[in-house]
Every structure is written in C-alpha cells, then in structure tokens.
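I have placed the structure first, in the form of structure tokens, so that the comments after it can refer back to it.
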Amino acid sequence: MNDVNLSRRDVLTATAALALASSAATAKTPAKSGRNNTLWYKQPARFWEEALPLGNGRVGAMVFGRVAQERIQLNEDTLWSGGPYRADSPEAYGALPEVRKLIADGKYKEATDLASQKIMGRPLSQMAYGSLGDLLLTFEGATKPWTYERQLDLATAIATTTLSDGKAHDSVRETFVSAPDQVVVMRLEARKGVIGFDLSWRGPRSVKIPGAVYAGHDAKLMPPATTDWLMTEAAEPLPEGAVMSSDGVGAILCTGRNEKSETIPAALTYAFRVKILSDGQVTFDDGKLRVRGAKTVTLLIAAATSFVTYADVSGDPVAKVRKQTEAAASKSYAALKRAHLADYQPLFQTVSLDLGPEPAGEPTDHRVQVAATKDDPALQALYFQYARYLMISSSRPGTQAANLQGLWNESTTPPWGSKYTININTEMNYWPADPAGLGGCVEPLIRLVEDLAVTGAQTARTMYNARGWMAHHNTDIWRATAPIDGPMWGLWPCGGAWLCNSLWDHYDYSRDPALPARFYPLMKGASLFFLDTLIEDPKGRGLVTSPSVSPENQHPFGSSLCAGPAMDRQIIRDLFAHTIAMGQLTGEEAGFLAQLKQVHDRLAPDQIGKAGQLQEWLEDWDTAAPEQQHRHVSHLYGVYPSDQMNVRDTPELIRAAQQTLKVRGDMATGWGTAWRLCLWARMGEGDHAYRILKDLVGPERTYPNLFDAHPPFQIDGNFGGAAGIMEMLLQSWGGDIRLLPALPSAWPTGAVKGLKARGAITVDLAWRHGALTRCDLKGPPGSTVRVIYRDGPKTLTLGADGTARFTA
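Letter by letter, the sequence shown follows residues -27 to -1, 1 to 781 in mature numbering (1 follows the signal peptide of the UniProt record, and there is no 0).
Shown next as structure tokens:
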C-alpha cells in the first residue's frame, strides 16, 4: 500500500507538472472533440484540487477517479463547528463615542486599541464549515490501466471514470448527487471481469492547506511527472466519538459529533449511511463493507446533521439517513438517474454559450496550463458553464447558501473557516445567478439575510443602541453578526446593507411580484440602522459611518479604522434608494420614505484625488497607502456591481476609477482578479477585460479541476469570473439593455442563449466578425425596453407573445 502524506504545496507544484507530463506517463485515451461542456482527464486525481465536485445543494462529493483505491470526500452543508451562540460585546456601545472621537482627532492607533478591547466580538472568531471525511474503496487486484479517462459532464452533472487493463478487466463508474432522492449515487459496472473492493471510512480531519503560491507558469521548468496509477491512502483511526457500524444488510452507519471551538462547545451530531446494492457478495467485517464477485454495484450515500435552524439543533440525522437510503434503494439505478436528470437538466439548459470549438484531444488540465498565454475561447465558455454548474450544485432552495468554498471542503479547519465573508465574497458568489438564468438558486441567500435580520437586530441594539439590524464582515451557520478577527477586518458595519442590495438585484432581474413584501422589511430594517448611526463629518462633507474600514485595507496612518470610506457611502446610497423603491411598491408611508431620501442626499459624495484616482477614503490618502496593489477594490463598488458611476452619466468618475485600477493592477487573488474583470467589462473595455480573463482561467488562478485558486481554493472567483464573461456580452443598468458592450476581439464569432436582463427579459445573441447578427428578446408582453448596440439606442415593445427582435 502506498501511503500518501503530501503537503498542499506539493499539490500546487506537482499538479502543474502532471498536466505537462509526457504521454508515456499516461494511459491511452482516444482523441475526442465536441465536448464543450465536459471536463476530462487522462489520469486520476492525486490531490483534492484535481478531484471532480458533485452536489445537490446540500450534500457534496469530491470524486477522485483512482484505480486501486477510489476516494469520495463528503460534505453536508450544515456540518459546522460549535453551536448556537452570541458574540456581541456588552461594552461596545459605551466605548463607541470615544472611538469616534479618536478617529476624528486622527488618533487611529488609540482608536484601534480601544476598539480591540471593548468593541470586538467575544469570541473573536466564528465557527468553521466542516467535512464528513472520506469513503475509501480499495479494489482487489488493481493493475495499471491500458486505457483510462475520467470526466465531469456538466450537461448531466455526472462524473464518469472508465478504465481497462486491456485484458480481463474493463469497468466504468458513474457518480451523481441526486436532489430528488437526496443521496449520492455511485454505480460500478464490470464490462469484463468482476468487481471486488473493501469500503472504509476515514473520518473528519484537519488538513493543512497553506496559502501557497501556485506554481503555474514555472511548471514547464520541472521534470515530467509520472502517474502513480496504484495510489492509495491510509484509512487512519476514526476521530474521538466517531463510530462506524453495520446497519442492516449491505449497509453501514457512520455517526459522530461536530468540532468544538475554543469557547463554543460542539452542539451538532451527524450521520451518514452507505447502502450497497449488488449482484455480488456483500459482507461487513473488521469495520469495512466488503464486496466480492460483482458485475454491478450501486452505492447509495445519505448524510445529515441534527441542525434544524441556527437556534435549534434537535434534529435526528440517523432517522433521516436511514429513510433516505432505504427510499432510494427501493428504486432502480435507471430510475434514480432519470429523476436526477429530470431535476438538473432544466436548470442547466436554460443558458448556452458558444465561443468556438475546443481543441481536439486536449484534456482540461492541459488547456488550463497554457490558458494565460494561448487563446482558448472554448475553455472560457467551459469555465462559464462550470460556474453555473457549481451554482446549481451548491445552492438550491432549502439548502444553505454557498459559502467561501461553495459546498466542498475537505478539512475541519479550512482557510478562513470557509464561512460567509460578506464584505465581497458572499455577494460575489451570487453575482452570476440571475443573469445566468439561475434565479432560483438565490433562495438560500434570501433565507440567510432573513436570519441575519433577526440576529443582527440584537447586535444593532447591544453594540450601537440602534434600531433595525446590521451585520459586520462575516457570518456563519449560527448567524453571528458581531465584528471578528480584529478592527482592521471586522469593524465594518455594511455587511447587511450590501446583502440587501443583492436582494434588490434579484428582484430587479425577476420582477417577481411576491418579493417586495418579503424584501421590504429586511431593507427597511437595514436602513433604520444607518438612520440611527450615521454622523456628520466634522469637516462638513456630509453624513458618514464611524467607526468603519475600507475592507481589509490600511490607510497611511498605521490603521484601517476611519470614518466614511467610499464603499460605505456607495453601499448606503444604494440601500436607501432601493428601500425607497421597494417601499413605493409595497405602499410604505410616504413620510418615512421622504426621510430616507433626505438622508440619502446628505451622504458624503465620491471624490477624485490629486492623482486622478477615485478616493478610497474621505481624505486623499490613496497614493500614500502602504499596499498600492491591494486585492480589494472596495471603492469601485459604485462601478460594479452597482451602477452609481457609469460611462453614460458620470464619465469623469469612470476615468478616475480606471486610474485606480491601473494603479491596483490586473492580477490579485482569484476573486480580486474576477472583480477587476467585471469592472473593466462594465466600463466597456473588452480587450482589457479579456486579458484579465485569460489570467483568471490560467494556471496561477485556476486549479486543474477548474476550481478558482485564491490560492488556496475559494469559489467566489469562479462565480465572479462567470459574471464578468456575461458582462462582456450583455449589460442591463440604468434602464438600458446593452448588447455586446465589451466584446473582445478574441471572440469574433459566437452565440449565447438565455441570458437575463433586468426587467425579467431573456436575451439571445449571435454575432459574426465582431458584429451583431441576431438579438431576440423575451419578457412580459407589452414591456418596453431600450436596447443599445454600439452608439445607437432603440426602443422596442414586446408583442403579445412577449417577444421582439432587435436589428442593428
């Protein structure tokens, strides 16, 4: 047995080398083409970042496709550390006036010290998303295959591994995670020979994941890698409290308790159950399920925790997984697969994108390795559809919202806790949902905001003596809203407000008449908080927040604490405007809306600094800030995702934003690069946006399985990248629909169907030689839309059938 003990730095270097390995190191794979919606590989995954993700929004699986020992790493979206808790400091409100005074007096270190002592959350950290560990299937008599391929078909959400030794053994494995049946389904079929394996469980564990720099372009300097076709991993003893036991014929039950934190005890129990259906012999012995002499094997895996709500952990996960696996076992594999496809495909098929054919015979990891230097529009289209696939797989009605890693995480101690970082990352996760035809996937985000409006009301009262509700820069499954980590990161009051603006965007795309009544109370509560906490800038420049930060960035005076950073003013400006609009839809009292408008108009305006840049702070500090190429571009929120600053109405502010971006640079973290892509696209700079997209999809910011490389993995870059691709093809802001507003020269010919514009409009586009050849619109019958292509606007009225065709 080859025991694997490799660091994540090994992942980042060896993975890059493998993609460039000589063909002699790889089993034969027939050349294939025409698979624009398929990720495929000529070798198994050695590392987690090479495995293929599957999910139904609640249960996730990473499939490695190994030969001698298959590894399936599992997640359940409510398995987090700790339990219900509150972290609001009772001393915060008493210290608030002094902290504000110190900031106004320019005593930033003293303000930071006092805030650290009195205002920050207790505990200073939040809970972490966890893992259910790994199922390991160790096969009998495995040998190096003569032919091998593994793939993830985005059109079916099925991962397939096909292998043959060219002699007596030929087999195929199919895996999917069913939303209708709430189980992971793996089907193993021997086309030649028989199947035999031992199934064991490696429980949840902490995996060291350093933020290493991805090897990327240096990979070609390494010696060619060789594939370890018979790679196996040790099962390891189960963690304390975890139990694996027989649970009826052909079934095992695995149970345990979640992780505790330093100050919050573990409150959840979890369970998952594996049921095996086979024409072979299935026994349980020595803590393993053993299968021998089978032609077909179907694994059914269900997972659950005792989580009910952020305040209730009384669920019965054992009863739940038994019910789910037995219900699935009563159906044939074909019936399970049909139900899965009938559920998934209508979602995925709403949008198609064609940017050109894929290179024949080139596996996905090889294409990623050269993506930053070689034009591959088909890979960019695949990246877009992969993000849509990840959205469907990680965020469905009834599940938790997609977190920093979506649904997939192999460690009990993931980077940044794999939480909800709401100063950009969570919002970015949902940027592509509505325009990519996946508005239904926003429901978990709505439920998250509804929960935060309850827990955040307590934070508003305790910390600020304010009405309404608020949230700082992070939250978790327990809906904590106190500031964490330290003042530089956590003492930012606009997390809840930005989430409310995301809800407005969802309404603006869908125009669902049921949403205003649901959203308005949330938006009004967030607005009330700022009505009570905004203060007058001492220099008379308008109303500002204090204390606050420009997210995670330091100004020149050794701190991040400040009053009225640009992002706060922009977010609150949108919040008030959206609340007024939503209030008008719901018939809110005119007096309150008028008050909001008055305060909206008193917010300090955006300013252009002496270097021609858009100022990040009230003061013109940008050129003296210590980190000139900071990953955040918080003060450009007003350009994207907002439209407060735009090429039509505020060209001088757009020029200032471009100057800011030139200083910041194009490359940042994965999500930071994606945000820059969206910004340049919004400003109509298609070729500039395209250069950034190539870097984003290249090996420094994309892993072989197309996961975004922060590094390490964060899913927001995938979603932000998809939003940027759409922004190059279609924009809807300021009452206009803009066609091909940032089309790069590298995409001379293409077509897209099913994109959504604000106003519940669906748009199909085709272009050739860089010029629009077709545009069909569909929406509410009788709707009037203003369409802009190149320089000229044209107003169209949708017919009785809800359609119209735009001709240039």
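Where a beta carbon is used, it is the ideal one built from N, C-alpha and C, also for glycine.
Between the CA atoms of residue j and residue i - distance to the nearest angstrom
i	j	result
Ile419	Asp449	15 Å
Leu534	Ala433	19 Å
Pro370	Val294	20 Å
Leu587	Gly103	40 Å
Phe321	Leu127	8 Å
Asn398	Ile761	31 Å
Cys227	Arg265	22 Å
Ser(-6)	Thr242	Any answer about Ser(-6) is weak, because its pLDDT of 31 lies below 50 and its placement is not dependable; what the coordinates show is given next. Approximately 47 Å, taken between the alpha carbons.
residue 783	Val145	The first residue shown for the chain is -27 and the last is 781, placing residue 783 beyond what the model contains.
Thr337	Pro677	7 Å
Pro290	Gln297	11 Å
Arg778	Leu738	10 Å
Gly459	Asp61	14 Å
Gly463	His446	5 Å
Thr(-15)	Ala24	Here Thr(-15) scores only 38 on pLDDT, less than 50, and its place in the model should not be relied on; the value that follows carries that caveat. Near 16 Å, if we compare the C-alpha coordinates of Ala24 and Thr(-15).
Ile395	Gly214	34 Å
Ile237	Asn402	28 Å
Ala34	Pro387	16 Å
Leu161	Tyr437	58 Å
Ser521	Ile76	10 Å
Ala277	Gly229	11 Å
Phe502	Gly441	5 Å
Phe530	Val606	19 Å
Leu309	Asp259	31 Å
Ala773	Gly708	22 Å
Trp653	His661	7 Å
Start and end residues, alpha helix (DSSP H) containing residue i
i	result
Phe37	Unbroken run through Phe37: none, as it is neither H nor E.
Arg340	Thr337 to Gln342
Gly429	Glu416 to Tyr437
Ser366	Pro350 to Ser367
Asp547	Ala539 to Thr559
Leu87	Tyr81 to Lys91
Met701	Asp689 to Leu702
Ala567	Ala563 to Arg575
Residue i: first and last residue of the uninterrupted beta strand (DSSP E) it sits in
i	result
Gly229	Ala224 to Arg230
Lys392	No beta strand (DSSP E) holds Lys392; DSSP gives it neither H nor E.
Phe112	Gly106 to Phe112
Arg19	Looking at the DSSP string, Arg19 is not in any beta strand (DSSP E), and its letter there is neither H nor E.
Met100	Premise fails: Met100 is in no beta strand (DSSP E) and is neither H nor E.
Trp381	That residue, Trp381, is in no beta strand (DSSP E); it is neither H nor E in DSSP.
Lys767	Gly765 to Thr770
Glu400	That residue, Glu400, is in no beta strand (DSSP E); its alpha helix (DSSP H) goes Asn398 to Asn402.
Leu738	Ile734 to Arg741
Pro26	Leu25 to Gly28
Arg747	Ala744 to Lys751
Asp126	Thr120 to Asp126
Gly723	Gly723 to Ala730
CA nearest to the CA of residue i, picked from the options
i	options	result
Lys165	Gly139, Val40 and Trp451	Gly139
Asn526	Arg637, Ala563, Arg542 and Pro26	Arg637
Ser251	Ser287, Val167 and Pro332	Val167
Met204	Gly106, Ala163, Pro17 and Gly260	Pro17
Pro212	Asp107, Ala130 and Glu122	Asp107
Lys91	Leu105, Glu64 and Ala84	Glu64
Ile544	Ala224, Phe257, Asp595 and Ala577	Ala577
Arg361	Thr633, Phe692, Asp424 and Ile627	Phe692
Thr116	Pro96, Ser137 and Gln99	Ser137
Thr200	Tyr14, Asp407 and Cys748	Tyr14
Phe492	Asp424, Trp465, Thr428 and Val517	Asp424
Would you call the stretch 240 to 258 and the stretch 273 to 287 in contact, with 3 or more CB pairs under 8 Å? yes
Is it a yes or a no for the stretch 307 to 319 touching the stretch 474 to 489, going by three-plus beta-carbon pairs under 8 Å? no
What runs of the alpha helix (DSSP H), each 4 residues or longer, lie entirely inside the stretch 602 to 680? 624 to 637, 643 to 655 and 659 to 670
Counting Cβ pairs, one atom from each stretch, are 3 or more of them under 8 Å apart for the stretch 464 to 478 and the stretch 107 to 117? no
Is the stretch 691 to 707 close to the stretch 349 to 358, with three or more CB pairs under 8 Å? yes
Quick one: any contact between the stretch 360 to 368 and the stretch 407 to 424, if contact means 3 or more CB pairs under 8 Å? yes
Whole runs of the beta strand (DSSP E) within the stretch 200 to 225, excluding any shorter than 3 residues: 216 to 219
Mind listing, in chain order, the continuous beta strand (DSSP E) runs of no fewer than 3 residues lying wholly within the stretch 257 to 301? 261 to 267 and 269 to 278
With a threshold of 8 Å, are at least 3 pairs of Cβ atoms found where one atom belongs to the stretch 668 to 684 and the other to the stretch 721 to 730? no
What ranges does the alpha helix (DSSP H) occupy inside the stretch 469 to 536, keeping only unbroken runs of at least 4 residues that lie completely in it? 488 to 506
Would you be able to state if there are at least three C-beta pairs under 8 Å between the stretch 39 to 57 and the stretch 75 to 93? no
Take every Cβ of the stretch 567 to 585, pair it with every Cβ of the stretch 644 to 663, and state whether three or more of those distances are shorter than 8 Å. no
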